[in-house]
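*Asks:* In the working numbering, the protein residues as written are 116 to 344. Glycine residues also receive a C-beta, built at the ideal position from the N, C-alpha and C atoms. Predicted, not measured: the structure shown is a model, and the values here were computed from it.
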Amino acid sequence: MKKKFRFISIFTLAITILCSCSKSSIKIDSFKDKVFANKENLIYIVGKENKMSKIFKENDLVLISLKNPSSYKIFKNAKVTKKDKKNFLTCDNLTLNLEIENEKTLKDTDKNVEYKEIDKNDIEKKNIFSKLDSENKVDVTDEIDKISNKSFTSDSGVSIIVALHENKELSVFVKENGKEKNYKNAKLVKENEKTYVKADNFPYKLLYKSINMLVDENTNIEYKLNNKR
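#1: Which residue's Cα is closest to the Cα of Asp234: Met167, Asn174, Lys313 and Leu285?
#2: Which residue comes first and which comes last in the beta strand (DSSP E) that contains Tyr187?
#3: Under the rule that 16 or more other beta-carbon atoms within 10 Å means buried, what is Lys182, buried or exposed?
#4: Going straight from the alpha carbon of Leu322 to that of Asn192, what length do you get?
#5: Hey, Ile70 and Leu157: beta-carbon distance below 9 Å or not?
#6: Measure the alpha-carbon distance for Lys305 versus Lys324 and round it to whole angstroms.
#7: Write down the C-beta distance between Leu303 and Val289 rounded to the nearest angstrom, noting that I regard them as a contact closer than 8 Å.
#8: DSSP on Ile276, reduced to helix/strand/coil?
#9: Using three-state DSSP, classify Asp331 as helix, strand or coil.
#10: In angstroms with no decimal places, state the Cα-to-Cα distance between Asn101 and Ser266.
#11: Does DSSP classify Asn217 as helix, strand or coil?
#12: Can you grab the Cα-Cα spacing for the pair Lys197 / Ile262, in whole Å?
#13: Confirm, please, whether the CB-CB distance from Tyr338 to Ile275 is below 9 Å.
#14: Put Ser99 into one of helix, strand or coil per three-state DSSP.
#15: Consult DSSP for Asp223 and reduce its assignment to one of helix, strand or coil.
#16: Mind checking which residues open and close the beta strand (DSSP E) that includes Lys149?
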């Protein structure tokens with residue numbers, strides 16, 4: 116009887132260890148190229164087979180509002196992180212606490228809202244991602260070349276530079292009080308017939324008013340082309 120009890124105990128322990136190992140071995144690759152959704156938002160984890168949009172890069176987590184797809188946000192370096200013996204999907208500067216319930220379900224633990232995996236084909240039929248490429252992104256050669264690598268300065272002396280790199284990627288540099296901040300993955304985006312300069316975690320709502328002026332609509336501060344640069 117003791118031998119039987121000991122065998123059952125060892126067997127139970129082995130199963131527990133195997134289960135815990137399987138949970139801890141969840142990799143970000145299990146979520147790449149998948150779309151998760153609830154009634155309000157979509158979450159897309161970008162993988163190597165990305166065909167949704169040229170805007171996105173591998174390991175990006177894209178959060179898209181279904182009401183206004185053009186207001187999407189991109190978070191870099193998606194990965195699986197363990198917190199309090201639970202697995203979470205995390206990214207740079209992502210404020211959502213996305214617990215991984217399983218490979219088909221994510222849960223926003225702050226709002227107690229789940230994101231369920233959905234068929235990518237259904238999303239493609241709705242053209243949500245293609246609209247980001249065709250309708251919202253302004254042609255680089257027609258517009259960005261006109262303002263790239265030029266300095267726009269406010270009356271208070273704050274400078275904004277849209278830098279076009281050799282690889283055709285864009286960054287926004289903000290210079291203020293001798294300090295410089297760099298915001299990557301910049302782009303021009305159309306919203307309600309207006310054109311804005313956007314970048315990852317860029318705090319300005321920067322309207323591209325003309326090739327000589329940018330305006331932060333949050334503060335109504337004008338940034339005029341600095342011809343002295």
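*Replies:* According to the structure data:
#1: Position 119 of the sequence shown, counted from the start, is the residue given in the question as residue 234. Among Met167, Asn174, Lys313 and Leu285, the Cα nearest to that of Asp234 belongs to Met167.
#2: On the sequence shown, residue 187 is found 72 positions in, with the first residue counted as 1. Looking at the DSSP string, Tyr187 is not in any beta strand (DSSP E), and its letter there is neither H nor E.
#3: Here residue 182 is taken as the residue at index 67 of the sequence shown, counted from 1. Around the C-beta of Lys182, fewer than 16 other C-beta atoms lie within 10 Å, and the residue is accordingly described as exposed.
#4: Position 207 of the sequence shown, counted from the first residue, corresponds to residue 322. Position 77 of the sequence shown, counted from the first residue, corresponds to residue 192. Leu322 and Asn192: Cα-Cα distance of roughly 28 Å.
#5: No answer is possible for residue 70: it lies beyond the span of the chain, which begins at 116 and ends at 344.
#6: Counting from one through the sequence shown, the residue named residue 305 turns up at place 190. Counting from one through the sequence shown, the residue named residue 324 turns up at place 209. Each residue's alpha carbon lies about 12 Å from the other.
#7: As a working mapping, residue 303 is identified with position 188 in the sequence shown. As a working mapping, residue 289 is identified with position 174 in the sequence shown. Contact between Leu303 and Val289 is ruled out by a C-beta separation of about 17 Å, above the 8 Å threshold.
#8: As a working note, residue 276 is residue 161 in the sequence shown. DSSP, read as helix, strand or coil, puts Ile276 in strand.
#9: As a position in the sequence shown, residue 331 is number 216, starting the count at 1. In the three-state scheme derived from DSSP, where H, G and I count as helix and E and B as strand, Asp331 is classed as strand.
#10: Not covered by the structure: residue 101. The range shown for the chain is 116 to 344.
#11: Here the question's residue 217 lines up with position 102 in the sequence shown. DSSP places Asn217 within a strand segment (E or B) once states are collapsed to three.
#12: In the sequence shown, residue 197 corresponds to position 82, counting from 1. In the sequence shown, residue 262 corresponds to position 147, counting from 1. So the two alpha carbons sit approximately 43 Å from each other.
#13: Within the sequence shown, residue 275 is the residue found at index 160, counting from 1. Within the sequence shown, residue 338 is the residue found at index 223, counting from 1. It is a contact, given that the beta carbons lie within the stated cut-off.
#14: The requested residue 99 does not occur in the structure, where the chain is confined to residues 116 to 344.
#15: The count along the sequence shown starts at 1 and reaches residue 223 at position 108. When secondary structure is reduced to three states using DSSP, Asp223 falls in the strand class.
#16: Residue numbering aside, residue 149 sits at position 34 when the sequence shown is read from its first letter. Lys149: member of the beta strand (DSSP E) spanning Lys149 to Ala152, first to last residue.
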